[in-house]
Amino acid sequence: MNFIPKSDNFESRVRDSFAQQKVMQTFSASLGKIAPGKVEIILPFRDDLTQQDGFLHAGVISTILDSACGYAAYTLMPEKANVLAVEFKINFLSPAIGECVIARARVKKPGRTLTVCEADAFAVQGGAEKLVAAMQSTMMAVLDR
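Take any residue in the sequence shown, note its place counting from 1, add 4, and you have its number in the numbering used here.
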């Protein structure tokens, strides 16, 4: 689907907000592609983010999927809006190990207050991508804080 953003500077708003997220800095995550209703977050694989078997921890994958969904929704929100997650569900499909993990989120249904998104996480090894998790989430536009 092609969505029309409510702000001409949606990409710079996403980049500015992302730069303020301390958890993304802690994880060394970065933004990839940004388009109306779509955002990609790239997380380099790090041993200090793994669980006991050497796989990327589910909580870390959840965090990048949640942020990717939030920013996908944010691209379509009005200039003065902020975004908060109100619900999400994740299916972990395969252990995450590789050079990096890419979270790709997209808006399924935008709304004035609530926006439904979905995202997939892919472990990348030698240029090949393997689907490791899938999320569906609901994001809320917060207009007054």
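A virtual CB, placed ideally from N, CA and C, is assigned to each residue, including glycine.
Sufficient close CB pairs (3 or more, under 8 angstroms) joining the segment 60-76 to the segment 135-145: yes
Three-way DSSP call (helix, strand, coil) for Ala-89 in this model: strand
For Lys-10, the three-state DSSP class (helix, strand or coil): coil
Cβ-based burial, Pro-82 [other Cβ within 10 Å; buried from 16]: exposed
Rounded straight-line distance, which links the Cα of Val-87 to that of Leu-47: 21 angstroms
Those residues which DSSP pairs with Cys-4 across a bridge: Lying outside 5 to 149, the shown extent of the chain, residue 4 is not represented and no answer is given.
At least 3 beta-carbon pairs within less than 8 angstroms: the segment 86-101 vs the segment 132-139: yes
For Lys-26, the first and last residue of its enclosing alpha helix (DSSP H): 26-31
Exposed unless 16 or more other CB atoms sit within 10 angstroms - verdict on Arg-19: exposed
Close Cβ partners of Arg-116 (< 8 angstroms) along its chain, the five nearest in sequence each way excluded: Ala-145
Contained beta strand (DSSP E) runs [length at least 3] in the segment 28-79, N- to C-terminal order: 34-39, 42-48
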